[in-house]
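First residue of the sequence shown: 50, per the working numbering; consecutive thereafter.
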Amino acid sequence: MQNYFELIVDIGENMLLAGAEVHRVEDSIERMCTAVGFYRTDVFIITSCMFVTVYAKDTNYTQIRRIKTMRTDFERLHRLNDLSREICSRHPTFDEASSRLREIKSVKHIPFWLEALSNILAAGGFTVFFGGGATEALVSALIGFLLCNLVFLLDRVHLNKIFSKALGAFFVTLGAYGAMKVGVVAGMDKIIIGNIMLLVPGVVFTNGFRDLLLGDSISGWLRLSEALIQTLAMAAGYVTFMFLIGGIAA
Numbered sequence: 050m051q052n053y054f055e056l057i058v059d060i061g062e063n064m065l066l067a068g069a070e071v072h073r074v075e076d077s078i079e080r081m082c083t084a085v086g087f088y089r090t091d092v093f094i095i096t097s098c099m100f101v102t103v104y105a106k107d108t109n110y111t112q113i114r115r116i117k118t119m120r121t122d123f124e125r126l127h128r129l130n131d132l133s134r135e136i137c138s139r140h141p142t143f144d145e146a147s148s149r150l151r152e153i154k155s156v157k158h159i160p161f162w163l164e165a166l167s168n169i170l171a172a173g174g175f176t177v178f179f180g181g182g183a184t185e186a187l188v189s190a191l192i193g194f195l196l197c198n199l200v201f202l203l204d205r206v207h208l209n210k211i212f213s214k215a216l217g218a219f220f221v222t223l224g225a226y227g228a229m230k231v232g233v234v235a236g237m238d239k240i241i242i243g244n245i246m247l248l249v250p251g252v253v254f255t256n257g258f259r260d261l262l263l264g265d266s267i268s269g270w271l272r273l274s275e276a277l278i279q280t281l282a283m284a285a286g287y288v289t290f291m292f293l294i295g296g297i298a299a
């Protein structure tokens, strides 16, 4: 049973890493542990750590997992949810469930070219939505593509999300200002807001608010605080660039 318990915690950990809200992960772990024969399960999860203890007739087991990075991946989360439901309903053997988890973990993330295309379309679309013209949308789409490359590189070097958001906002403002100075566009506000929307931590904010509504106050406030700090970092990146060009102009 210990091996199956560790497998269940692995599933919960991967759900959290894929962007699941805390309540869903806690509920899934409790249901899976009950399904495999543990008569009591104590789960405590915050955004950066998991504590799970289960009780059997003659012994108990505890697992602690440190959560360092999270990346929203709804496809992987969907597969993990299916696996957790299968464990609760069909009770597969440990080898079968372990094989399914390895298969899910081996599924590749969204390819870079698709992320880049999404950034291009979203940046251009948001610019038009906020009142920009065709030229501004094209410039915004180009900056969105470059921003995608920048974020990819920052993720590869494991830069803190706060500094990553600040650098992203700084780069967006730089690109929009450069396009305005060379005369491609008349203003840069629509371009900036179109690309800033790509950096807004919407999923983090939504999950934090849902955690609060579901009674997970600690996780909810942690997620909301994280979203707020990232938003302030984006503002700091924009203000820093504007301060620099103001100083140069003077």
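Every residue, glycine too, gets a C-beta built ideally from N, C-alpha and C.
Quick caveat, the model's predicted, so the values are computed rather than measured.
Item	Value
Under 8 angstroms between C-beta atoms of F201 and F161	yes
Coil, strand or helix - R120 by DSSP	coil
C-beta contact flag for R114 and E62 at 8 angstroms	yes
Per DSSP, cross-strand counterpart(s) of D91	T102
Cβ-Cβ distance between E152 and C197 below 8 angstroms	no
Continuous beta strand (DSSP E) assignments of at least 3 residues falling wholly in the segment 140-168	none
Closest residue to L187 among R80, F220, G224, S213 (Cα-Cα distance)	G224
Rounded separation between Y110 and F54 - CA only	8 angstroms
For I113: DSSP bridge partner residues	F100
M237 versus N52, V177, R149, H72, residue with shortest Cα-Cα distance	V177
I240 versus S189 - alpha carbon distance	5 angstroms
Beta-carbon gap between L184 and V234 smaller than 8 angstroms	Just to set this straight, residue 184 is Thr in the shown sequence, not Leu. Result yes, Cβ atoms of T184 and V234 sit closer than 8 angstroms.
For G296, three-class secondary structure by DSSP	Low confidence applies to G296: its pLDDT is 48, below 50, so where it sits in the model is not reliable, and the reading given next is rough at best. Helix, per DSSP.
Span separating the alpha-carbon of F292 from that of H207	28 angstroms
C-alpha gap between T108 and F93, whole angstroms	20 angstroms
Beta-carbon proximity check, L150 vs G68, cutoff 8 angstroms	no
Whole runs of the alpha helix (DSSP H) within the segment 243-286, excluding any shorter than 4 residues	251-262
A276 beta carbon less than 8 angstroms from that of A215	no
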